[in-house]
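Heads up, the thing below is written out as C-alpha cells.
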C-alpha cells in the first residue's frame, strides 16, 4: 500500500500553529512496517483540496489520512470536498454520527453541530474520545479526522489497528558509510535497478567527506547482492568504508 497524509490548515502555513500530525502518523506507520509515499500540507481551499484528493485517489494502492476541516464552521470544507471526489457528490445524514452528536450535545446540537453528521454516502465512523463527534472513512482506505491531535491520534490508531495492523512483507536493509563524496559513487548508483530502494546521504565535516549508502528491498537476497556490488566497487576503487549494519534486519 502507498500511504499519504493530507494536513489541511492555513494556520500551519502562515505560522500561527505548528504541525503535530506528520510525525505521529509516520511513527505509527513505521511501527507497523509501512512508509509514507507522500505528505501534503495545504490551505483550506476547496479546489486545491479537490486536486490533492484526486491525485491520491488516482493511485490504485493509496491509503490516505486527511487531517482537519471536518467541523461545522464555514471554513470546514473537507466533508463536502470528500463527497465530491470519492462519492460523486453523494452525501447523507449518517445516522451513527447523528446519534453520537445528539448523545453529546442534545438540543445544543442544533442548528450547527448537527451538520457534522452529513457525510459522504456509505461512510464508516471513527470514535472521537474527546467530543464524541466522529471522524469517518471511505472504502476502508480514505480516512478523515479532525485537526486537533487530541482527537485525531486515537482515530489514527483505531484505523490502523483495524485495517492496516502490520505489513506482511518485510523490508530488508543494509547500510554502510563510504569515506568519499557522493560524486565518486554515481557510476555504481546508476547500476542499481528501480525496484531496489537506494539512498545516499552525504556528510561533510570541514574538508572531510563521507556518504552513507542504504540498500533495501523486500527481497532479502537481492538486498545482499546489490549491497555486495557496492562493497566490491569500493574495494576495487580503494575507497575505505564502515559497515553500519552487520546483518540484514527489518
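Residue numbers (the numbering used here): 513 to 762.
Each residue gets a CB set at the ideal place from its N, CA and C atoms; glycine is no exception.
Fair warning: this is a prediction, and the values are worked out from it, not measured in the lab.
The criterion of a C-beta distance shorter than 8 Å is not satisfied by residue 668 and residue 542.
The C-alpha of residue 553 lies about 27 Å from the C-alpha of residue 624. Between residue 753 and residue 688, the C-beta spacing is below 8 Å. The distance from the Cβ of residue 589 to that of residue 558 is about 5 Å, consistent with a contact at the 8 Å cut-off. Around the CB of residue 738, 16 or more other CB atoms lie within 10 Å, so the residue is classed as buried.
In the same chain as residue 548, and ignoring 5 residues on each side of it, the C-beta atoms closer than 8 Å to its own belong to 515, 516, 517, 537, 538 and 541, in chain order. For residue 527, the number of other beta carbons within 10 angstroms of its own is below 16, and it is reported as exposed. Distance from the Cα of residue 546 is smallest, within the candidate group 513, 756 and 607, for 513. Boundaries of the alpha helix (DSSP H) harbouring residue 536: 533 to 543, taken from the DSSP string. Counting every other CB atom within 10 Å of its CB across the protein chains shown gives residue 729 a total of 16 or more, marking it as buried. Taking a 10 Å sphere around the C-beta of residue 529, we find fewer than 16 other C-beta atoms and assign the residue as exposed. Under the three-state reduction of DSSP output, residue 601 falls in the coil class, being neither helix nor strand.
In its chain, beyond the 5 residues on either side, 531 and 553 have a beta carbon closer than 6 Å to the beta carbon of residue 524.
Around the beta-carbon of residue 642, fewer than 16 other beta-carbon atoms lie within 10 Å, marking it exposed.
Under the 8 Å Cβ criterion, the region 657 to 677 does not count as touching the region 702 to 719, having fewer than three qualifying pairs.
In the DSSP assignment, residue 709 falls within the beta strand (DSSP E) that extends over 709 to 717.
Looking at the backbone, the Cα of residue 700 and that of residue 735 are separated by about 15 Å. Looking at 696, 630, 592 and 691, the one whose alpha-carbon comes closest to that of residue 715 is 691. DSSP places residue 612 in the uninterrupted alpha helix (DSSP H) bounded by 607 to 617. Taking the C-beta atoms as reference points, residue 613 is found nearer than 8 Å to residue 629.
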